[in-house]
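*Asks:* Sharing a structure below in structure tokens format, with a few things to ask.
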Amino acid sequence: MKTTTHKALGAALVLTSALVQGCASDPSRPKTFSTDWLDDGGRSISEVQARLRGARPSANVDLVVSVAGNDKIIGTPLGNGAQWTATHALDARPIIAGGVVVVSGGNEVAALDATSGKKLWARPTGGLPLLGAGDDGNVTALSLSRGAGSTLLIVGRDGSVKRQLETDKAIGDPEVVGGVVFVPWANQYVSALDAATGDEIGRVTIRDKVSRALAIGGTLYFGELAYIRFDDKIGQASRGGASRVAIPSRELPGTPRLLVPGTEKVPPVANARDRDRLFGRPSGDSTPLGIDSNRFYASYYRLIFGFESQRGHLAWVRTHAHDFIGGEAVGGGVVLCDDEGKIVVLDAQTGQVSMEKPIGEPIKSCVVHADSFQAPKPASPGPSLGQQITDAVTVREATLATAQRLLLRELATLEDDTATKTLIDIASDARSVPVLVADARAALATRRNGASHMLAALAKHYDYLHDVLRSPPVGPLADALAAMKDPNAAPLVAARLLDPQITDDDVKRAAAALALIGTDKEMPQLKQFFAMYRGTAPTDEVAVAVGSVGEAMLRINPKEARPLVEAAVKDSMTVAVARARLEALLAATPEKPAADKADKPADKPSADKPASEKPAAAKPAPAAKPAPAAKPATKK
Amino acid sequence: MRAPTTLPTLRRVALALLLTCAGASSASAQPAKPPAAKPAAKTDVGPAVQKLKSGDEAQIRAGLDDLRIVGPAAASAAPAVADILARGLSEPLAHQAIDTLGDLEASDGSAILAQYAQHRTVAIRRAAIKALTRTKGPAAATALRKALGDSDAQVRGNAAAGLGALKAKDAVPDLFAALDHKVNEAAASIGQLCNAEQCDQLAGKLGKLPFDVVTSGLEPVLFRPASDMSDDAKIKLLGRLRELGTGEANRFLKDVEKRLPKEASPRIRQAVEQAVKATTGGSQ
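Chains L and R are the protein sequences, given in the same order.
Per the numbering used here, the first sequence starts with residue 157, numbered consecutively.
Per the numbering used here, the second sequence starts with residue 3, numbered consecutively.
Structure below.
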């Protein structure tokens, strides 16, 4: 994320010289990294900005730098140009800073030419860890951690140290523009230092946490959690008036960071935090400052998400073959590298691959910097968002579960039959991660489309011999189909009601659904369930299901069902929870006085043949006309 | 989980005598034999059935006890037992009723047992599968085949064993599927039911499945009468075992050699002897 200034170097040096001369005698200027400075309302930084207006960072580096093996550094240009390799001991991630690649290790820091990998210079560090670097084509500024304090080293192109500043403050990642070194420190200040003298010639207080100064596409920004543009509004920064853009707040997979804090040493080998990143590119000179292509991106292991940058809506998700371990947002897309050594460029709008480039070997980490590179347009728009989510959530890797849960919630918002099918598939698959199953079940219950997929799922059942080791999500499907009043659902739900392999919760919900949508055709199964479980319900959920089945029977065929329910209530063998529900049900559904009275209620449930032996009644289902007994039972 | 079903021994004996005497006075003149050993003599099950119809838990329990003591001789009470199960019972009584149907060994009980073989409580499913093996009939075979896909290993194992006992030859393909899914009890049932081709298919599992599992199926094949399984088919199996050449094959063949019935054909006897010799000194 560092760039450099190649243009107008001469002019910049003149400007810097003038600045230094102008400042040297000005007692109102802050002392370097002093904490007794009173905010000058942006006056000093505005002066620096005005004087540097002709010395913007130039956009000239489009490069991926990877670490392979123990000390191998590979530079891969995003555009034309040959890939290069270099060797140097590494104790920190390489930094692309303008026209150089800064590497650290073996008690020295070195600058490699960004186009060839050739070592330009090296300086001993005494083992101080490298935190950040900036370069303007003339000098390179390095920040090194020194216990609680820091060292700022300003090195000329010939390797000579121009300035070495020691401070007890924690300074962040510096940037150099036109001979002025911008140094974020104490998480709130950015000091502008004259590279030649080391004097502080301006300072700004930033209202966001700030630990990085960085040049992107020829524009200088400060930030960590947001981008603050160094433009003619920078003087208003302390009053919150600077040009600023941040990623909208929304649920993201894991806890990704937009920028690694500039005070944090980044190890040479990628770790878990590198697999959980946020990328967004500020829009450059546009006003107001925005996010390029209206997209920001989040990587999570081998998933990459594209979000709309205004409200954070998910635009696309792509499932890659290997884990992403680094990347950067570029114009019109995002550049990522995976641990197998492939660079992929994705289109901002669709998430489709628009370019691929092999590094040639597996890599341990990578950094990307793009100033002028634009992601090409992909050949096709790719599959629907629903399909993309399906592809991502059906990957059976426990490490992806967090992101997959997020995606399931996104999927549940899509009015798409295939979304329903995906939810069913996840909930029905014994290999699915348990939290995903729970989420999929919850989402399914609220679906109001995809009934054909739901019915097809209900027709399946657990079968050890055929490796179907999880029953379909009968309860949620029953909930949804009952809410949709699907006429084809009742027989399938009734068949599952007697399936011992579904969960007790599923039984309860299936029975509740049948209380709403069951017909006379389901009476045999209802009666069988009622008889079998009124005295043997193994859990309260199944006992509640007995109550719901009683309710269904009374609604469908009160004449036949009432004696059964009454007898069950009187029978001491009926489990207490079921009996209580049945009593409440009878109380809520008074007996019809007229012709039905002639049918004397039996003392015990009728001795009907088992459901499987008795064909369903041929007469039309009384359920077609709502019976007065259709009130829901009092829930206990 | 089960309610106590035992009665004092004296009461059991007395009840058994009463029930058997009431319906078959001539039987009293016969030498005393254990009731279960008798052919299904007619028994007056009326009193027991009345208890079942009482609606009272204790009476029902007593009625079921009475019937279990009599066993198959009280088969005519099976519909009454099935009826109380179809109406619904408490779990202990349901368990007892299922066991009773098994003891009565009447196919009238198979249909309701098939329903309880799908009960949510695994103990009830296990009991129902065991009982179905004794009640037999088409409904039993269908239920046992279905139970091969149950989530409970014991249910699957009992179902596999039961299909062998029921001589459900149509179930052999399902039993092979079960065997491939580690339902080891399926091997013995396959051995009881397989035709020559299926038996050879079972022998083909040697080396792929544990030796003991496969031979638990091959053993019954070798001891099936010649009318049921040809000598050629048996000799083919012996050849497979001989080719194995292992110590465990040798031990198995020696055991078979010892137990060969007198009526075994000379060809079989010779084939076994040769196989034993060929595998002697085989690897362990």
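Even glycine gets a Cβ: it sits at the ideal position worked out from N, Cα and C.
All values reported here derive from a predicted model rather than from experimental measurement.
Using a Cβ-Cβ distance cut-off of 8 angstroms, determine whether R:L150 contacts chain C.
*Replies:* In summary, chain C is missing from the structure at hand, where the protein chains are L and R.
*Asks:* Just the C-alpha distance for R:S92 and L:D660, rounded to the nearest angstrom, thanks.
*Replies:* 18 angstroms
*Asks:* Alpha carbon to alpha carbon, how far is L:W472 from L:A426?
*Replies:* 25 angstroms
*Asks:* Using a C-beta to C-beta distance shorter than 9 angstroms, which residues of chain L count as neighbours of R:G209?
*Replies:* By Cβ distance, chain L contributes nothing, its closest Cβ being about 23 angstroms from R:G209, past 9 angstroms.
*Asks:* Could you check if L:S728 is buried or exposed, using at least 16 other CB atoms within 10 Å of its CB as the buried criterion?
*Replies:* exposed
*Asks:* The stretch 86-120 of chain R: which residues have C-beta closer than 8 angstroms to a C-beta of chain L, in chain order?
*Replies:* A88, R89, G90, L91, S92, E93, L95, A96, A113, I114, A116, Q117, Y118, Q120
*Asks:* Should the stretch 461-480 of chain L be called in touch with the stretch 499-508 of chain L, which here means at least 3 C-beta pairs below 8 angstroms?
*Replies:* yes
*Asks:* Name the DSSP bridge partner or partners of L:G379?
*Replies:* L:R368, L:Y383
*Asks:* So that I know if they touch, is there some Cβ in chain L lying closer than 8 angstroms to that of R:L54?
*Replies:* no
*Asks:* Taking the beta strand (DSSP E) that L:D350 falls in, what are its first and last residues?
*Replies:* Element bounds for L:D350: 345-350.
*Asks:* Is it buried or exposed, L:K498, if we count other Cβ atoms within 10 angstroms and call 16 or more buried?
*Replies:* buried
*Asks:* For R:T123, return the contacting residues in chain L, with the cut-off set at a CB-CB distance below 7 angstroms.
*Replies:* Here the neighbours are T692, P694.
*Asks:* Under 8 angstroms, CB to CB, which of the residues in the stretch 149-177 of chain R have a partner in chain L?
*Replies:* L150, G151, D152, S153, R158, D176
*Asks:* Is the Cβ of L:P656 closer than 8 angstroms to any Cβ of chain R?
*Replies:* yes
*Asks:* Could you give the C-beta distance for L:K421 and L:S301, rounded to a whole number, given that I count them as a contact under 8 angstroms?
*Replies:* 6 angstroms
*Asks:* Does the CB of L:A666 have a neighbour CB from chain R at under 8 angstroms?
*Replies:* no
*Asks:* Residues in its own chain within less than 8 angstroms of R:K279 by CB, not counting five upstream and five downstream?
*Replies:* Contacts found: none.
*Asks:* Would you report the Cα separation of L:L682 and L:I460, rounded to the nearest angstrom?
*Replies:* 49 angstroms
*Asks:* Closest to R:A75 by C-alpha separation, out of R:A99, R:V47, R:A125, would be which residue?
*Replies:* R:V47
*Asks:* Sorted by chain position, which residues of the same chain lie with C-beta nearer than 6 angstroms to R:G65's C-beta, five sequence neighbours on each side aside?
*Replies:* A50, K53, L54
*Asks:* Along the chain, which unbroken stretches of the beta strand (DSSP E) at least 3 residues long are found entirely within the stretch 439-495 of chain L?
*Replies:* 451-456, 459-464, 470-475, 480-486, 489-494
*Asks:* For R:P177, I'd like the list of residues in its chain whose CB is within less than 7 angstroms of its CB, leaving aside the five on either flank, ordered along the chain.
*Replies:* Note on residue identity: the sequence assigns Leu, not Pro, to residue 177 of chain R. Excluding residues within five positions, the ones whose Cβ falls inside 7 angstroms are A162, L165, A188, S191, I192.
*Asks:* Let me know if L:L637 comes out buried or exposed under the rule of 16 or more other beta-carbons within 10 Å of its beta-carbon.
*Replies:* Buried is the call here.
*Asks:* With DSSP collapsed to three states, give me the class of L:V860.
*Replies:* This structure cannot settle anything about residue 860 of chain L, because the visible part of chain L is limited to 157 through 792.
*Asks:* Taking a Cβ distance cut-off of 8 angstroms, strictly less, list which residues of the stretch 670-688 of chain L are near chain R, in chain order.
*Replies:* Q684, F686, A687, M688
*Asks:* Would R:E187 count as contacting chain L if we go by Cβ distances under 8 angstroms?
*Replies:* By this cut-off, R:E187 is not an interface position.
*Asks:* Could you give the distance in angstroms between the alpha-carbon of R:E259 and the alpha-carbon of R:E221?
*Replies:* 11 angstroms
*Asks:* Please report the distance separating the alpha-carbon of R:F225 from that of R:P268.
*Replies:* A direct Cα-Cα distance of roughly 14 angstroms separates R:F225 from R:P268.
*Asks:* Would you decide whether R:Q272 is buried or exposed? Buried here means 16 or more other CB atoms lie within 10 Å of its CB.
*Replies:* R:Q272 should be labelled exposed.
*Asks:* L:R199 to L:P250, Cα distance in whole Å?
*Replies:* 36 angstroms
*Asks:* Quick one: list the residues of chain L neighbouring R:R127, beta-carbon separation under 9 angstroms, in chain order.
*Replies:* P656
*Asks:* Relative to the C-alpha of L:K793, which candidate in L:D494, L:G315, L:A526 has its C-alpha closest?
*Replies:* An answer regarding residue 793 of chain L cannot be provided, because it is not within the stretch 157 to 792 covered by chain L.
*Asks:* Could you give the distance in angstroms between the alpha-carbon of R:V216 and the alpha-carbon of R:A205?
*Replies:* 7 angstroms
*Asks:* Whose C-alpha, out of L:Q205, L:Q466, L:S536, is nearest the C-alpha of L:D388?
*Replies:* L:Q205
*Asks:* Label R:N186 either buried or exposed according to how many other C-beta atoms from any shown protein chain fall within 10 Å of its C-beta, with 16 as the threshold for buried.
*Replies:* Buried.
*Asks:* Any C-beta of chain R sitting closer than 8 angstroms to the C-beta of L:S728?
*Replies:* yes
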